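Chemist: From first to last, the protein sequence lines stand for chains A and B.
Sequential numbering of the first sequence, starting at 1, is according to this note's numbering.
Sequential numbering of the second sequence, starting at 243, is according to this note's numbering.
Note that beta-carbon positions come from the ideal geometry of N, C-alpha and C, so glycine has one too.
These figures come from a predicted structure and were not determined experimentally.
2 protein chains.
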Amino acid sequence: MEERLDVHNSSIPKLCRSCEVRHRGICGALKPEELLELSKYTRRVDYPAGKEISGDSEDVVSYSTIMHGVVKLSKMLEDGRQQVVGLQFAPDLIGRMFSIKNHFTAEAASNIQLCKMPKAALERLIKKNPEIEHKLLEQTLRELDEAREWMVTLGRKTAAEKVACFLYLIATHIDPTYIDGNLENLTFELPLTRADIADFLGLTIETVSRQFTKLRTDGIIEISVGRNICVPDLAKLKERCG
Amino acid sequence: MEERLDVHNSSIPKLCRSCEVRHRGICGALKPEELLELSKYTRRVDYPAGKEISGDSEDVVSYSTIMHGVVKLSKMLEDGRQQVVGLQFAPDLIGRMFSIKNHFTAEAASNIQLCKMPKAALERLIKKNPEIEHKLLEQTLRELDEAREWMVTLGRKTAAEKVACFLYLIATHIDPTYIDGNLENLTFELPLTRADIADFLGLTIETVSRQFTKLRTDGIIEISVGRNICVPDLAKLKERCG
DNA sequence: ATAATTTTTTGATACAGGTCAATGCATAAG
DNA sequence: CTTATGCATTGACCTGTATCAAAAAATTAT
């Protein structure tokens with residue numbers, strides 16, 4: 001895990017004392033005394049898969065750093081149609097900054113652990129140290145790029161390409177080994193149900209399932225049991241992303 | 243126009259001297275001497291509809307405030323499929339902050355005028371005045387919300403709903419009269435071609451055209467000539483957005 | 001004006017992905 | 001072990017949107 005975190009926070013490899021994880025975009029900017037101050041207000045919270053962290057249009061009361069697991073941001077229409085608009089991985093900060101209300105629902109996609117802090121505690125720090133704001137801006141710009149990149153997938157790719165894109169995204173976010181150049185026999189557990197995957201890709205669960213089967217029979221992936229995926233050759237998977 | 247600009251920058255109604263427009267998220271944070279300093283480096287540039295402002299993977303060399311007109315951000319796949327990932331209106335700031343390269347193509351959707359400044363000039367100011375960074379973070383967070391909101395449209399709405407959403411978006415961004423509560427007989431010129439609209443909605447031009455026809459025969463919109471649209475009742479259009 | 005070109009609309013047909021229904025396959029509970 | 005329960009897969013069929021083709025309308029050039 002450490003290897004991957006460095007990617008996001010290479011300049012200042014300071015650990016957050018309360019969390020033992022580098023907050024992407026936050027802790028690197030904190031001075032030792034600020035870190036200590038913040039750690040008084042943080043607490044670890046576990047959420048089982050599926051549990052809601054904060055609801056759409058509810059008040060924002062806290063920010064959290066993801067310790068491990070995957071968080072999904074989504075929006076539901078009145079008639080029940082749902083779209084997952086983003087996935088967030090450790091050590092992202094979640095919670096809509098500077099807004100009274102949430103614009104989306106945040107849920108634990110897998111079992112997760114958060115490092116939670118009150119809204120006011122972080123905002124107080126930000127006021128005092130503009131460097132934090134810079135890190136937040138960088139994370140937000142990166143998220144915006146990722147969201148727009150995903151819009152290309154949603155708007156213009158086929159079901160087969162969408163599913164390949166999703167698997168590629170997970171493969172390159174969940175397991176840090178790939179960064180070292182180990183691109184063969186990458187194995188990981190899918191942190192999402194078929195329903196969540198469908199809602200992320202703008203498809204139905206049946207279509208997702210059929211595309212998984214197609215990738216399996218084509219030898220691009222191996223599915224041992226349910227959500228356990230092995231990608232023998234990541235480059236071949238990438239070719240399918242369109 | 244002034245009315246709408248206040249919406250985005252109500253706290254500090256200072257004008258940017260070089261541009262005569264309030265830079266959403268920027269000028270409000272500038273002190274008089276900074277404003278003067280920046281205005282030395284800015285220049286007005288006109289672009290006809292369709293002209294590229296900056297290309298995908300090209301170096302970022304400048305930032306611009308949109309003076310008037312609509313800018314589209316898009317991405318093209320190798321095989322020619324294209325997705326518009328965002329529209330920007332006056333007085334947004336465009337240009338990917340803190341990145342060497344662009345991740346998307348920026349083009350004039352309509353005839354536009356920009357107020358351009360060199361990358362270094364704005365970045366120098368930001369280093370000196372953290373308040374600017376705060377404004378930028380607010381704009382970026384708002385853009386991220388808008389992008390995610392659009393992902394719901396792309397992933398889960400029907401062609402009919404998508405076209406209604408698009409018209410609603412334009413109606414509420416192009417013409418400032420609606421903000422005063424004048425929701426009847428809203429008239430405006432579409433700043434995008436059918437091809438651009440299709441690429442924004444993840445549809446084909448034929449489907450977009452058919453949905454326009456449907457809205458016209460249903461009395462939701464009136465099309466006098468080509469791109470001249472009249473919405474007699476904005477609430478009725480909104481109902482079609484799903 | 002008239003012609004040339006581009007953009008938009010309309011029609012006929014095809015197919016990707018959705019819908020509905022049933023079956024399989026885990027893990028958990030009795 | 002058997003039964004329940006919740007995911008995931010598979011099959012048969014249907015529909016919304018894409019595709020292909022052509023006409024109409026708008027714009028630009030001559």
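Rank Gly242/A, Val71/A, Val60/A by C-alpha distance to the C-alpha of Ala160/A and give the top, closest one.
Modeler: The residue you call residue 160/A lines up with position 160 of the first sequence. Looking at the Cα atoms, Gly242/A is the closest of the given residues.
Chemist: Quick one: complete alpha helix (DSSP H) runs, 4+ long, within the stretch 391-476 of chain B?
Modeler: For the stretch 391-476 of chain B, whole alpha helix (DSSP H) runs of length 4 or above, ordered along the chain, are 401-416, 436-443, 447-459.
Chemist: The alpha helix (DSSP H) that contains Leu73/A, what's its start and end?
Modeler: Counted from its first residue, the first sequence places residue 73/A at position 73. Taken as a continuous stretch (DSSP letters only), Leu73/A belongs to no alpha helix (DSSP H), being part of the beta strand (DSSP E) at 70-76.
Chemist: What does Gly328/B pair with, by DSSP beta-bridge criteria?
Modeler: Translated into positions along the second sequence, residue 328/B becomes position 86. Answer by DSSP bridge pairing, in chain order: Leu315/B.
Chemist: Which residues in the same chain as Leu192/A place their Cβ atom closer than 6 Å to its Cβ, once the five residues preceding and following it in sequence are excluded?
Modeler: Residue numbering aside, residue 192/A sits at position 192 when the first sequence is read from its first letter. Cβ within range, chain order: Ala109.
Chemist: Can a CB atom of chain A be found closer than 8 Å to the CB of Arg366/B?
Modeler: Residue numbering aside, residue 366/B sits at position 124 when the second sequence is read from its first letter. No - not a single Cβ of chain A is within 8 Å of the one on Arg366/B.
Chemist: Need the endpoints of the alpha helix (DSSP H) that Lys361/B sits in, please.
Modeler: Position 119 of the second sequence, counted from the start, is the residue given in the question as residue 361/B. 361-370 is the extent of the alpha helix (DSSP H) around Lys361/B.
Chemist: So is Asn102/A buried or exposed if we call it buried at 16+ other beta carbons inside 10 Å?
Modeler: For the purposes of this step, residue 102/A is identified with residue 102 of the first sequence, where counting begins at 1. Result: buried.
Chemist: Please classify Ala406/B: is it buried, with 16 or more other beta-carbons within 10 angstroms of its beta-carbon, or exposed?
Modeler: Locating residue 406/B in the second sequence gives position 164, where the first residue counts as 1. Buried, because 16 or more other Cβ atoms sit within 10 Å of the Cβ of Ala406/B.
Chemist: Here's a check: name, in chain order, each residue in its chain whose Cβ is nearer than 7 Å to the Cβ of Glu123/A, leaving out the five neighbours to either side.
Modeler: Mapped onto the first sequence, residue 123/A falls at position 123. Here the set comprises nothing.
Chemist: Under 8 Å between C-beta atoms, does His103/A make it to chain B?
Modeler: Mapped onto the first sequence, residue 103/A falls at position 103. It does; some Cβ of chain B falls within 8 Å.
Chemist: Along the stretch 119-144 of chain A, where does the CB come closer than 8 Å to a CB of chain B? Name the residues.
Modeler: Listed in sequence order: Pro130, Glu133, His134, Leu136, Leu137, Glu138, Thr140, Leu141, Glu143, Leu144.
Chemist: What residues from the stretch 348-359 of chain B come within 8 Å of chain A, judged by C-beta to C-beta, listed N to C?
Modeler: Of all residues in the stretch 348-359 of chain B, none has a Cβ within less than 8 Å of some Cβ in chain A.
Chemist: Strictly under 8 Å for the Cβ-Cβ distance: is Lys317/B near chain A by that measure?
Modeler: Residue numbering aside, residue 317/B sits at position 75 when the second sequence is read from its first letter. Yes, contact with chain A.
Chemist: Helix, strand or coil for Ser54/A, going by three-state DSSP, please let me know.
Modeler: As a working mapping, residue 54/A is identified with position 54 in the first sequence. If DSSP states are grouped into helix, strand and coil, Ser54/A belongs with the strands.
Chemist: Which residue comes first and which comes last in the alpha helix (DSSP H) that contains Leu277/B?
Modeler: Stepping through the second sequence from its first residue, residue 277/B is reached at position 35. First-last of the alpha helix (DSSP H) with Leu277/B: 274-281.
Chemist: What residues from the stretch 387-408 of chain B come within 7 Å of chain A, judged by C-beta to C-beta, listed N to C?
Modeler: Answer in chain order: Asp387, Ala389, Arg390, Trp392, Met393, Val394, Leu396, Gly397, Arg398.
Chemist: Flag this pair as touching only if the stretch 137-146 of chain A and the stretch 334-343 of chain B have three or more C-beta atom pairs under 8 Å; answer yes or no.
Modeler: With the cut-off at 8 Å, the stretch 137-146 of chain A and the stretch 334-343 of chain B touch.
Chemist: Straight-line CA distance for Phe212/A to Thr172/A?
Modeler: For this step, residue 212/A is matched to residue 212 along the first sequence. For this step, residue 172/A is matched to residue 172 along the first sequence. Between Phe212/A and Thr172/A, the C-alpha separation is close to 18 Å.
Chemist: Within 10 Å of its beta-carbon, does Thr400/B have 16 or more other beta-carbons around it, so buried, or fewer, so exposed?
Modeler: As a working note, residue 400/B is residue 158 in the second sequence. So Thr400/B counts as exposed.
Chemist: Grab the span of the beta strand (DSSP E) containing Thr347/B for me, first residue to last.
Modeler: Position 105 of the second sequence, counted from the start, is the residue given in the question as residue 347/B. Counting along the chain, the beta strand (DSSP E) containing Thr347/B begins and ends at 347-350.
Chemist: Which residues of chain A have a Cβ atom closer than 7 Å to the Cβ of Ser327/B, listed in chain order?
Modeler: Position 85 of the second sequence, counted from the start, is the residue given in the question as residue 327/B. Sequence check: residue 327/B is Val here, not Ser. Within 7 Å Cβ-Cβ: Arg148, Met151, Val152.
Chemist: Relative to the C-alpha of Asn111/A, which residue among Lys128/A, Leu190/A, Phe166/A is closest?
Modeler: Counting from one through the first sequence, the residue named residue 111/A turns up at place 111. Of Lys128/A, Leu190/A, Phe166/A, the residue nearest in Cα terms is Leu190/A.
Chemist: Under the three-state reduction of DSSP, which class applies to Arg246/B: helix, strand or coil?
Modeler: By one-based count along the second sequence, residue 246/B stands at place 4. At Arg246/B the pLDDT is 29, less than 50, meaning the model places this residue with poor confidence and gives no usable figure here.
Chemist: I'd like the list of long-range same chain contacts for Lys116/A, defined as Cβ closer than 7 Å, with 5 residues on each side in sequence excluded.
Modeler: Taking the first sequence and counting its residues from 1, one reaches residue 116/A at position 116. Counting only Cβ-Cβ distances below 7 Å, and skipping sequence neighbours, we find Thr42, Arg43, Val45, Ser62, Ser64.
Chemist: Compare the Cα-Cα distances from Cys230/A to each of Arg240/A, Glu133/A, Gly219/A and report the closest residue.
Modeler: Translated into positions along the first sequence, residue 230/A becomes position 230. Minimum Cα distance to Cys230/A is reached at Gly219/A.
Chemist: Any beta carbon of chain A sitting closer than 8 Å to that of Arg482/B?
Modeler: Residue mapping note: residue 482/B aligns to position 240 of the second sequence, counting from 1. Not one chain A Cβ lies under 8 Å of Arg482/B.
Chemist: Asp196/A to Leu154/A, Cα distance in whole Å?
Modeler: Taking the first sequence and counting its residues from 1, the one referred to as residue 196/A is at position 196. Taking the first sequence and counting its residues from 1, the one referred to as residue 154/A is at position 154. The straight-line gap from Cα to Cα measures roughly 15 Å.
Chemist: With 8 Å set as the bound, which would you pick, yes or no: does the beta-carbon of Met67/A sit closer than that to a beta-carbon of chain B?
Modeler: Along the first sequence, read from residue 1 onward, the residue named residue 67/A stands at position 67. Cβ-Cβ to chain B under 8 Å: no for Met67/A.
Chemist: Who pairs with Gln250/A in a beta bridge, going by DSSP?
Modeler: Within the shown structure, residues of chain A are numbered from 1 to 242, placing residue 250/A beyond reach of any answer.
Chemist: When DSSP labels each residue in this structure, what does Ile374/B get in the three-state scheme?
Modeler: The count along the second sequence starts at 1 and reaches residue 374/B at position 132. It is helical.
Chemist: How would you list, in chain order, the residues of chain B whose beta-carbon sits under 8 Å from the beta-carbon of Gly202/A?
Modeler: Position 202 of the first sequence, counting from 1, holds the residue named residue 202/A. Result: Leu396, Gly397, Arg398.
Chemist: Buried or exposed: where does Ser252/B fall if 16 or more other Cβ atoms within 10 Å of its Cβ makes it buried?
Modeler: The sequence position of residue 252/B within the second sequence is 10, counting from 1. With a pLDDT of only 31 at Ser252/B, under 50, the local geometry of the prediction cannot be trusted, and the value read off the model is given with reservation. Exposed, because fewer than 16 other Cβ atoms sit within 10 Å of the Cβ of Ser252/B.
Chemist: Under the DSSP definition of a beta bridge, which residues are partnered with Asp301/B?
Modeler: Locating residue 301/B in the second sequence gives position 59, where the first residue counts as 1. For Asp301/B, which the question treats as bridged, DSSP gives the partners Lys343/B.
Chemist: Just to check my reading of the structure: Glu294/B and Thr347/B have Cβ atoms closer than 8 Å, yes? What is that Cβ distance to the nearest angstrom?
Modeler: Here residue 294/B refers to the residue found at position 52 of the second sequence. Here residue 347/B refers to the residue found at position 105 of the second sequence. Confirmed, Cβ separation roughly 6 Å.
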